[in-house]
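Residue numbers (my numbering): -4 to 75.
Okay, so here's the structure we're looking at.
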């Protein structure tokens, strides 16, 4: 909307995004795991933490507040 990209640059960026190996995950199976983080983080972050926990992976973020969240069982890597 700010016209920061030309039309052809925007189309190329969208095509690049569609080529990323992204898998969508339903939040349905993560609800109870996310609930255990509700005292320490917001709902969106709780689901990211639940997904990281389920897959036994660290959570990578640039959110300083999330990076300091006391979640104990998940490694949080803050890139900032």
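Glycine included, C-beta positions come from ideal geometry on N, C-alpha and C.
Check	Outcome
Check whether residue 86 and residue 61 have beta carbons under 8 Å apart	In the structure as shown, the chain begins at -4 and stops at 75. Residue 86 is therefore absent and cannot be evaluated.
Outcome for residue 68 when other beta-carbon atoms lying within 10 angstroms are tallied against a minimum of 16	exposed
8 Å Cβ cutoff met for residue 42 and residue 54	no
Bounding residues of the beta strand (DSSP E) (the contiguous stretch that carries residue 46)	Run containing residue 46: none in the beta strand (DSSP E); it sits in the alpha helix (DSSP H), 38 to 49.
Beta-ladder partner(s) of residue 56, from DSSP	73
Residue 30 to residue 72 span [Cα, whole Å]	21 Å
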